[in-house]
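Peer 1: Following this message is one structure expressed as structure tokens.
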Amino acid sequence: MRLGIDIGGTKIEAATLGADGAIRLRRRVPTPAGDYAGIIATVTVLVTGIEAELGPAESIGIGIPGMLSPATGLVKNANSTCLIGRPFDRDLAAALGRPVRLGNDANCFALSEAVDGAAQGARVVFGVILGTGVGGGVVVNGKVLTGPNAIAGEWGHSPLPWPRDDERPGAPCYCGKHGCTETFLNGAGLSRAYEALSGRPEEASTIAVRAESGEAAARGALDRYVDRLARALATVINLLDPEIIVLGGGLGQIAALYREVPARWGDYVFSDSVVTKLVPPRWGDSSGVRGAAWLWLEPSPK
Ligand SMILES: [Zn+2]
11 MRLGIDIGGT KIEAATLGAD GAIRLRRRVP TPAGDYAGII ATVTVLVTGI
61 EAELGPAESI GIGIPGMLSP ATGLVKNANS TCLIGRPFDR DLAAALGRPV
111 RLGNDANCFA LSEAVDGAAQ GARVVFGVIL GTGVGGGVVV NGKVLTGPNA
161 IAGEWGHSPL PWPRDDERPG APCYCGKHGC TETFLNGAGL SRAYEALSGR
211 PEEASTIAVR AESGEAAARG ALDRYVDRLA RALATVINLL DPEIIVLGGG
261 LGQIAALYRE VPARWGDYVF SDSVVTKLVP PRWGDSSGVR GAAWLWLEPS
311 PK
């Protein structure tokens, strides 16, 4: 069995995959926020517990909201900022007594959906995480595209395209800039759009439910969100021209996005027609752990 672990901003999830790709066991615990040593300890306890039940894992792959810098070997670009600047793969390997492979969480998600998920058979796939952070991963012919800077697909920290006057300069981002796409399209971004219309903040999932039931402020906030996502994905389509885009993360569960965003992105894509499909993930929020488990099926990055 292969063990995959997905480290998110709010939860750490572990799953074991059999040779047939079926999940045998899945476990989820809260992420010790801002606590690097706590994250290492939590992963170690998860792995030890699972192996006590199922026996030793063949391999351990870990998806993180960031990536290892090819220049320094340390984590960069993580919105769980306590990981930044840390040799997370080496610290985990020391704690677990064996090598681990680290991958970007959006890359893991895209890989899982491209291999045997909603984008199976597509040559170019863009996988998106819309959650606490906003990430992206590119899979071409079944392989993750990484690149020399290890940032392929990272669209969340480019500015929101075609900004309106009231979208400039935009909210500050942890990366040090203002108006990043992530600040508009993560959960906090939808919440802020709702607060601007209703005067009070609300959870992203609640806003989606209220929009479906016709509440004006929720509908208005979701409408702005749809337009922003359509703009952001239009630049991805212009650059990559993927056959399929898969939306993961908590906000990827908003069903209206799959109807409304493709109805809108034609206004922005530089083409007379757009046949790109926008689909929900087959594996839901298990895709992160599935892709992490499969990191060992990819050629070694070193
Ligand atoms: Zn940013």
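For the sequence shown, the working numbering assigns the number 11 to the initial residue and increments by one for each residue that follows. Where is the CB? At the ideal position from N, CA and C, for every residue including glycine.
#1: Please classify Ser215: does DSSP put it in a helix, a strand, or coil?
#2: Can the beta-carbon of Gly189 be found closer than 8 Å to that of Pro179?
#3: So what's Cys190 in DSSP terms, helix, strand or just coil?
#4: Hey, is Glu177 close to ligand 1, as in C-beta under 7 Å from one of its heavy atoms?
#5: Can you grab the Cα-Cα spacing for the pair Tyr235 / Gly131, in whole Å?
#6: Any idea if Ala43 is buried or exposed, counting beta-carbon neighbours within 10 angstroms, 16 or more meaning buried?
#7: Is it buried or exposed for Val219, if we count other Cβ within 10 angstroms and need 16 for buried?
#8: Do three or more CB pairs link the stretch 125 to 145 to the stretch 157 to 166 at distances below 8 Å?
#9: If you reduce the DSSP assignment to three classes, tell me which class Gly147 lands in.
#10: Say whether the stretch 235 to 246 touches the stretch 263 to 278, bearing in mind that this needs 3 or more beta-carbon pairs closer than 8 Å, one atom from each stretch.
#11: So the alpha helix (DSSP H) Asn248 belongs to, where does it begin and stop?
#12: Looking at Ala120: is its Cβ nearer than 8 Å to the Cβ of Val85?
#13: Buried or exposed: where does Gly224 fall if 16 or more other Cβ atoms within 10 Å of its Cβ makes it buried?
#14: Given 7 Å as the limit, tell me if Glu222 has its C-beta closer than that to any heavy atom belonging to ligand 1.
#15: Find out if the Cβ-Cβ distance for the pair Ser69, Trp306 is shorter than 8 Å.
#16: Please list the terminal residues of the continuous alpha helix (DSSP H) segment that includes Thr58.
#17: Could you tell me whether any non-hydrogen atom of ligand 1 is closer than 7 Å to the CB of Glu192?
#18: Specify whether the stretch 73 to 82 and the stretch 249 to 268 touch according to this definition: at least 3 beta carbon pairs, one from each stretch, less than 8 Å apart.
#19: By a C-beta neighbour count over all protein chains shown, 10 Å radius and 16 as the cutoff for buried, is Ala62 buried or exposed?
#20: For Lys312, does the three-state DSSP call read helix, strand or coil?
#21: Let me confirm a value: Pro291 is counted as buried when at least 16 other C-beta atoms fall within 10 Å, else exposed. Which label applies?
#22: With a CB to CB cut of under 7 Å and the five nearest residues on each side skipped, what residues in its chain are close to Gly230?
#23: In chain order, what residues of the same chain lie with their CB nearer than 7 Å to the CB of Met11, ignoring the 5 residues before and after it?
#24: Is the closest heavy atom of ligand 1 to the C-beta of Lys86 under 7 Å?
#25: When we look at the beta-carbon of Asn159 and count the other beta-carbons within 10 Å, is it buried (16 or more) or exposed?
#26: Can you give me the C-alpha to C-alpha distance between Gly157 and Ser90, rounded to a whole angstrom?
#27: Straight-line CA distance for Leu93 to Asp99?
#28: Can you confirm whether Asp126, when its beta carbon is compared against all beta carbons of chain B, has any partner nearer than 8 Å?
#29: Which residues in the same chain have their Cβ closer than 8 Å to the Cβ of Leu56, if we skip the five residues on either side of it in sequence?
#30: Just checking Cys185 against ligand 1 - is the residue's beta carbon closer than 7 Å to any of the ligand's heavy atoms?
Peer 2: With the given structure in hand:
#1: Assigned with DSSP and collapsed to three states, Ser215 falls in helix.
#2: Cβ atoms of Gly189 and Pro179: closer than 8 Å.
#3: Under the three-state reduction of DSSP, Cys190 is assigned to strand.
#4: For Glu177, the CB stays at least 7 Å from every heavy atom of ligand 1.
#5: If you take the alpha carbons of Tyr235 and Gly131, they lie about 30 Å apart.
#6: Within 10 angstroms of the beta-carbon of Ala43 lie fewer than 16 other beta-carbons, which makes it exposed.
#7: Burial call: exposed.
#8: Yes, since at least three Cβ pairs between the stretch 125 to 145 and the stretch 157 to 166 fall closer than 8 Å, the two stretches touch.
#9: It is a strand residue.
#10: Between the stretch 235 to 246 and the stretch 263 to 278 there are three or more inter-stretch CB-CB distances shorter than 8 Å, so the stretches are counted as touching.
#11: Element bounds for Asn248: Ala226 to Leu250.
#12: No, the Cβ-Cβ distance between Ala120 and Val85 is not below 8 Å.
#13: So Gly224 ends up on the exposed side.
#14: Incorrect: Glu222 has no Cβ contact closer than 7 Å to ligand 1.
#15: Closer than 8 Å, so yes.
#16: If you look at Thr58, you'll find it in the alpha helix (DSSP H) that goes Tyr46 to Leu64.
#17: Taking the Cβ of Glu192 as the reference point, at least one heavy atom of ligand 1 falls within a distance shorter than 7 Å.
#18: Using a C-beta cut-off of 8 Å, the stretch 73 to 82 makes no contact with the stretch 249 to 268, since fewer than three inter-stretch Cβ pairs fall below that distance.
#19: Exposed is the call here.
#20: Caution is warranted here: a pLDDT of 42 is assigned to Lys312, below 50, making its placement in the model unreliable, and the coordinate value is therefore given only provisionally. Three-state result, Lys312: coil.
#21: Residue environment: Pro291 is assigned as buried (16 or more neighbouring CB atoms within 10 Å of its CB, all protein chains considered).
#22: Cβ within range, chain order: Leu207.
#23: Here Met11 has Thr26, Leu27, Gly28, Arg34, Leu64, Ala67 and Glu68 as same chain residues with Cβ atoms under 7 Å from its own Cβ, once five neighbours each way along the sequence are excluded.
#24: Result no, Cβ not under 7 Å from ligand 1.
#25: Result: exposed.
#26: Gly157 and Ser90 have their C-alpha atoms spaced approximately 22 Å apart.
#27: Those two C-alpha atoms are separated by around 11 Å.
#28: Annotation note: the requested chain B is absent from the structure, which comprises a single protein chain.
#29: If we look at Leu56 and ignore the five residues flanking it on each side, its Cβ neighbours are Ile15, Ile22, Ala24, Arg37 and Val39.
#30: Cys185 Cβ: within cutoff of ligand 1.
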